[in-house]
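Residue numbers (the working numbering), protein chains in the order written: chain A, 1 to 279; chain B, 280 to 558; chain C, 559 to 837; chain D, 838 to 1116. Just so you know, even glycine gets a beta-carbon here, dropped at the ideal spot from N, CA and C.
4 protein chains.
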Amino acid sequence: MFQSAGIVARFDKKESLKLAKELVDHLYKKGVEVFVEETLPSELHKHAKAIPLNQMKTDFVITIGGDGTILRTCLALPKPEPPILAINMSVRGFLTEAEPKQALEAVEKCLQGKYIIEKCMKLSAATKETKFPDALNEVVTIAEEPTKLLYMRIMKDKEHIVNCQADGLMVSTQTGSTGYSLSAGGPVLDPQVNSFVLTPLCPLTPFHPIVFPAKTKLTIEIEKPKRILVIIDGHYRQLVSSEPLEITVTKSRNATSFIRMQENFYHRLRSRLLFKGNG
Amino acid sequence: MFQSAGIVARFDKKESLKLAKELVDHLYKKGVEVFVEETLPSELHKHAKAIPLNQMKTDFVITIGGDGTILRTCLALPKPEPPILAINMSVRGFLTEAEPKQALEAVEKCLQGKYIIEKCMKLSAATKETKFPDALNEVVTIAEEPTKLLYMRIMKDKEHIVNCQADGLMVSTQTGSTGYSLSAGGPVLDPQVNSFVLTPLCPLTPFHPIVFPAKTKLTIEIEKPKRILVIIDGHYRQLVSSEPLEITVTKSRNATSFIRMQENFYHRLRSRLLFKGNG
Amino acid sequence: MFQSAGIVARFDKKESLKLAKELVDHLYKKGVEVFVEETLPSELHKHAKAIPLNQMKTDFVITIGGDGTILRTCLALPKPEPPILAINMSVRGFLTEAEPKQALEAVEKCLQGKYIIEKCMKLSAATKETKFPDALNEVVTIAEEPTKLLYMRIMKDKEHIVNCQADGLMVSTQTGSTGYSLSAGGPVLDPQVNSFVLTPLCPLTPFHPIVFPAKTKLTIEIEKPKRILVIIDGHYRQLVSSEPLEITVTKSRNATSFIRMQENFYHRLRSRLLFKGNG
Amino acid sequence: MFQSAGIVARFDKKESLKLAKELVDHLYKKGVEVFVEETLPSELHKHAKAIPLNQMKTDFVITIGGDGTILRTCLALPKPEPPILAINMSVRGFLTEAEPKQALEAVEKCLQGKYIIEKCMKLSAATKETKFPDALNEVVTIAEEPTKLLYMRIMKDKEHIVNCQADGLMVSTQTGSTGYSLSAGGPVLDPQVNSFVLTPLCPLTPFHPIVFPAKTKLTIEIEKPKRILVIIDGHYRQLVSSEPLEITVTKSRNATSFIRMQENFYHRLRSRLLFKGNG
């Protein structure tokens, strides 16, 4: 039974803050201890404690926003991550579970235990010196200056498998396979496939996405340039210039758990494939 | 220890028949019982018995040809299939192990037990009434008349996952992922990924390759037209008009075993990616 | 001023025949001489003469159906082709101008001269011996047996430009560039681009769509197999086994003219890109 | 007759400087007035005047390097640009004419007038306030922070044609169509096609390359973010934050002229398609 809840919300949208307040009040009435991200405005603090995301060790977390809000929440939450109920308040909400008008009902179901958990693999990326935060969607290795070519050697465990000249390389989870990786020409990975996929960005040399078993230790050795950018889930960005310049990617021991009313990966995939944006 | 060998060879190439004869003689001298495919010319029958492919229950089988020769051999061999040592006598020999001049040495290593076995998953395709031969590379569902659109519904186990209008759909193994599926825009599957991939042929509606766990029972329901063609590994072709018109694809209990001197999937992949054909 | 009209309609749909009848009656009342395709049922013959498509030398032609109806009409109409007003009675009506409920209004505008003509380039394909009907969308060269590889040499005018191993090759007009060619990975050609595009079908060797100037004489020499299928606009299908086996494609002297209320190529493109089919 | 020559060379490669010196000496002996880029070392100044690239108004210019050297030379040369003889001293020399060992012979042919001129269209990009240098290959509009999504509206002349959400958009010439645009999934444009092509970078929404007539005024309106990066030919990079934020691209009045011994576009294309890099 959930006895504490964390609330994260976009603060650039009125409706988002309004819904956050409603949920705080509702949970408070139900006797649930509520925490809100400290950056949220003070009118939300009446029935909730304000804490930073990385201290939100609650029984579950509600995100109000789109995929961006979910991704930055996962990056920051303490490990193991509390499960996430994602309310959609965005144009791009492929990972979200419920629309705003269904929010109260979904929260109610959470409190009643009427839900399932979708556990999503994460990726762990590191250099010899630095470990990056785990990725729910993807790890991108790219030049600091957009469109500059990277010269790379790719190793699977200890085996050199292929070289690649491209704008960048992306390693994507099953969850991420319907996101940026799809835009770059990668395949969809069914959530039950125990794999991740390596997708190139604008390869100069013929190169195709490669699907690896999740147990693989993938190493990307960058021969040129001397400094590159690692981007995790589109939010965490880190310049890297270690020597030798190489990034390893493995399956993380951590996972992200989504609260779902039912399995709906393919429902979400269909909406992604037919996504019109504001077009 | 290999005490019997089967030999399959392209019979449209002199060099192929010459090499077949050399290998028959060599194996015979070594005391190995040799069988040759009955369609091979009679000068090969001196030290070998001629039998049809589907009775070749030998300790191992040597194919002399290219990928086409391997695929038709796998389709016909009795199950469980004897392991295959594939000698390349073709422009397209991505699956082969040794070049003709290395053939004797490779056979010698086989007899000495100095080899490893690469076990390759196969796919089992069927209608309600008919089971097709297992596929080493891929199962293609396509219109009988080239370029006619198929209207399809795709089911994962019992779940309807997506509809698709396309020239056809291909389900490909890891082995097949570097073959026809790659030409159609599919990803490469590492041999250790326990998966298969669904790749569309010229989809009218936005559709991306999807990678499924090997345990999936994939069902392709064809709404239109009333009759379609199922093609296994490019060689076995069967018109299907059952009602309802649906094809199921699952992982087969059978596998194909290749005799390799060392693991070389990525070596073969690189030669595929840079393949120039006769261009 | 339009004094005669031809009517072509899908005869597998009641609504289509009903609308055809309405239009016949309307045009008859307005004093326009009406002709209907002879395959249409006799209740349409009261105020109209039944003639075969290839004799329909009327001032304009109304098609009631989808892209398929338009394509088969263009293939058969006498040259130079009368302009076409295309009413959409199909799921796929990317080339059509008006929805059924707008049909009477559109016809009225035609009679009042309130329209523009969109002139669409056609392609002329031929072997040394045979000239095929002109293509509004595309000329496809493909194996008779689906998925069999073609070995081809491509010549631009007299210059050998590149070899290609693929399931087939398509040469597509600007109009066709949003159709089958798009499904095969080809680019969109703006209607004002004086060009056509060569798009491969599942190329084994690395090969990209190539855009040629409209004045190009493109020759596809097929080295293997000995017999291939030429498909024009998805409707006309002809087996070819001339020796040498080669297909030339040039811009045709004929064109297809569509009656439009306004320029709307990009409107139609957007609906094509976001097309959901029955998915 | 060429009476003056400019020489541009990679200065990070000994062979390049050695060849530059040989050519200076050779041209000097032949009575040709020689100019070298001022950044080249002083041992080259004995028989040549050192001047900046943007003052190199010579009868022709010799570049010693790869495509990068050519592109930065074209960006800087005074207009109209002197014709370029490009000697390859790089892994990527798709645009070059001669290998180092053919350099003297090629220069000799230039002096004898035994050559043809390949005239290549350039693109002119601008905001309301700023005109960028002309592009020989492509104009890229992209976010300053790699992988950040751009929200764009695309106008053809005055007509809104389509919206696009992508990492970026590229407008490429025929020359550029075999370069970065190809890596991003664009088609090849024959040099005689009077067109340019719009190719998206990792589009989130379904979007295909579009080929426009060269006379088009293409406008890219960026709705988000407020500041973007314009990159010309991979070398010129300019942050733009005008309001409204829009980039127009048209055919330039300037062109780049290459000195060729014969027409060889498709020869160069084949080497591009089969390019192995250092893989």
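With fewer than 16 other CB atoms across the displayed protein chains lying within 10 angstroms of its CB, D849/D is exposed.
I220/A is the residue among Q55/A, I220/A, V171/A, V24/A whose C-alpha sits nearest the C-alpha of V240/A. Ranked by Cα distance from C760/C, the options S462/B, E387/B, S536/B are led by S462/B. For R795/C, the enclosing beta strand (DSSP E) stretches over residues 794 to 798. Here DSSP, grouped into helix, strand and coil, assigns G347/B to helix.
Contact annotation for R1107/D against chain C: V720 [CB-CB distance below 7 Å, chain order]. When 8 Å is used as the limit between beta carbons, P983/D is near these residues of chain A: V140, I142, A143, E144, P146, G168, L229, I231, in chain order. Per the C-alpha coordinates, the member of K607/C, D791/C, H718/C, E696/C positioned closest to S753/C is E696/C. H208/A is classed as buried because its beta carbon has at least 16 other beta carbons within 10 Å across all chains shown. By the rule that beta-carbons nearer than 8 Å mark a contact, H208/A touches chain B. Residue burial is scored here from C-beta neighbours: M647/C has at least 16 other C-beta atoms within 10 angstroms and is therefore classed as buried. The straight-line gap separating the alpha-carbon atoms of R990/D and E1083/D is approximately 9 Å. About 5 Å separates the CB atoms of T1012/D and C957/D; that is less than 8 Å, so the two are in contact. According to DSSP, G564/C shares a beta bridge with F593/C, V619/C. With a 10 Å radius around the Cβ and a threshold of 16 neighbouring Cβ atoms, V649/C comes out exposed.
Within chain A, the residues E263, Y266 have their CB atoms less than 9 Å from the CB of E438/B, given in chain order. L269/A sits away from V193/A, with the two beta carbons spaced by 8 Å or more. Annotated three-state conformation of Q660/C is helix, per DSSP.
For G234/A, at least one C-beta of chain D is nearer than 8 Å to its own C-beta.
Taking P78/A as the centre and dropping the five residues before and after it, the same chain places the C-beta of N54, Q55, M56, K57 closer than 8 Å to its C-beta, in chain order. Bounds of the alpha helix (DSSP H) holding D304/B are 293 to 308. Rounded to whole angstroms, the gap between the alpha carbons of E1060/D and H997/D is 14 Å. F652/C is outside the set of residues whose beta carbon lies under 8 Å from a beta carbon in chain D. Residues of chain A whose Cβ lies closer than 8 Å to the Cβ of F537/B do not exist; the shortest such Cβ separation is about 18 Å.
The beta carbon of K407/B lies closer than 7 Å to those of S521 in the same chain, with the five residues before and after it left out.
For a Cβ distance threshold of 9 Å, residue set P187, H208, P209 of chain A lies close to G465/B, ordered along the chain.
Excluding its 5 nearest sequence neighbours in each direction, Y180/A has C-beta neighbours in its own chain below 8 Å: N137, E138, V140, M170, S172, G234, listed in chain order. Rounded to whole angstroms, the Cβ separation of V528/B and L402/B is 6 Å, and the two are in contact under 8 Å. Within the same chain, and ignoring the five residues on either side of S562/C in sequence, the residues whose Cβ sits closer than 6 Å to its Cβ are E591, T616, D617. Under the three-state reduction of DSSP, L1055/D is assigned to strand.
It is roughly 34 Å from the alpha-carbon of F770/C to the alpha-carbon of I142/A.
Excluding sequence positions up to five before and after I768/C, its CB lies within less than 6 Å of the CB of L756, all in the same chain and listed in chain order.
By the Cβ rule, the stretch 96 to 115 of chain A does not count as touching the stretch 37 to 56 of chain A, because fewer than three pairs are nearer than 8 Å.
Pairing R253/A with I84/A, the inter-Cα distance amounts to about 18 Å. The shortest CA-to-CA distance from T736/C to any of F823/C, K775/C, V594/C, K672/C is the one to F823/C.
By the neighbour-count definition (other C-beta atoms within 10 Å, threshold 16), T256/A is a buried residue.
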